[in-house]
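Protein chains in written order, with my numbering: chain A, -12 to 102; chain B, -12 to 102.
Every residue gets a Cβ at the ideal spot worked out from N, C-alpha and C, and that includes glycine.
Here the structure is a predicted model, which means the values were calculated and not measured.
Heads up: the structure comes next, in structure tokens.
There are 2 protein chains.
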Amino acid sequence: MLNNGAVDRIFHALGDSNRRAIIERLSRGALSVSALAKPLDITLAAVVQHLQVLEESGLVRTEKLGRVRSCQLHPEGLRVAEDWLANRRGLWEQRFDRLGELLDGPVPSRKKART
Amino acid sequence: MLNNGAVDRIFHALGDSNRRAIIERLSRGALSVSALAKPLDITLAAVVQHLQVLEESGLVRTEKLGRVRSCQLHPEGLRVAEDWLANRRGLWEQRFDRLGELLDGPVPSRKKART
DNA sequence: CCCATACTCAAGTCGCGACTTGACTATCCG
DNA sequence: CGGATAGTCAAGTCGCGACTTGAGTATGGG
């Protein structure tokens, strides 16, 4: 919602399977728009729209040479998503570590009941 | 598309910012449905629907004790998404390594590169 | 026992996002 | 030049997904 817009756009972009398919193919190397479109049983125009979303989210960069637009993956975008996920997971697993501490030995003095 | 359904569901679930907000709060610890709902300016029913999506995607597990449903993060779900991203990024960066080899020198006769 | 709590369920609304169509522009090549 | 290729743009359709409302069911505490 009123989130960090970048993360928002990235995860929204990743939420569509056609867009993930595009990312998947681009991870093997740069491709033109029509090359990307071929295996995708949607129209070229739809692919262009997906590419707009991907580019605005920072996951893909494109450059037009002559009449062909070349698209490549921009891995830093993927990094942002990865970091977000790793972070949440980290926090969660950290809790288990603390639980381990609690079980291991009596904590100095701290009492506050919750759930 | 007709993708691996699990990855599909996970990224679709992550695509909504309210659901990510739920994940974010759950990464700090387990919470009840109504506790999750409080900061979210949507109705309880909407939160329950989000939780259904999260649970079906394997990102969250819930258990009902008495009248309260306790929700906790299921980090393996996050792991699946992380792995997918790391994989694509890996493929892409691997390409640059190969490009580096090519640029480094005209391959003598055999090449055995290791960073 | 009774009221509040904590959900649950079924409908129904509504806007947005994915996709198409059709017309148009720019570039390459023979 | 002319035709084919590659992409662009603007509208418009349509279904799905997020959300609400309202009524119903257990559970727990005083």
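A Cβ-Cβ contact shorter than 8 Å links V34/A with A24/A.
A contact between stretches requires three or more CB pairs, one per stretch, nearer than 8 Å, and the segment 36 to 56 of chain B meets this requirement with the segment -10 to 0 of chain B. Cβ contact annotation for G53/B (same chain, cutoff 8 Å, sequence separation greater than five): none. Distance from the Cα of R12/B is smallest, within the candidate group G77/B, W79/B and L60/B, for L60/B. Put simply, the backbone Cα of S19/B is about 34 Å away from that of R6/A.
A8, I10, E11, L13, S14, R15, G16, A17, L18 and S19: these are the residues of the segment 8 to 19 of chain B whose beta carbon lies less than 9 Å from some beta carbon of chain A, given in chain order. Along the segment 33 to 51 of chain A, there is no position whose C-beta sits under 7 Å from a C-beta of chain B. In the structure shown, R56/B falls within a strand segment according to DSSP collapsed to helix, strand and coil. Between E69/A and A8/B, the C-beta gap is not smaller than 8 Å, which leaves the two residues out of contact. When the Cα atoms are used, S57/A and L38/B turn out to be separated by approximately 40 Å. About 21 Å separates the beta carbons of A17/B and V67/B, which is beyond the 8 Å limit, so they are not a contact pair. Per DSSP, R15/B lies in no alpha helix (DSSP H) segment and is marked neither H nor E. The C-beta distance from L1/A to G2/B rounds to 7 Å, short enough to fall under 8 Å.
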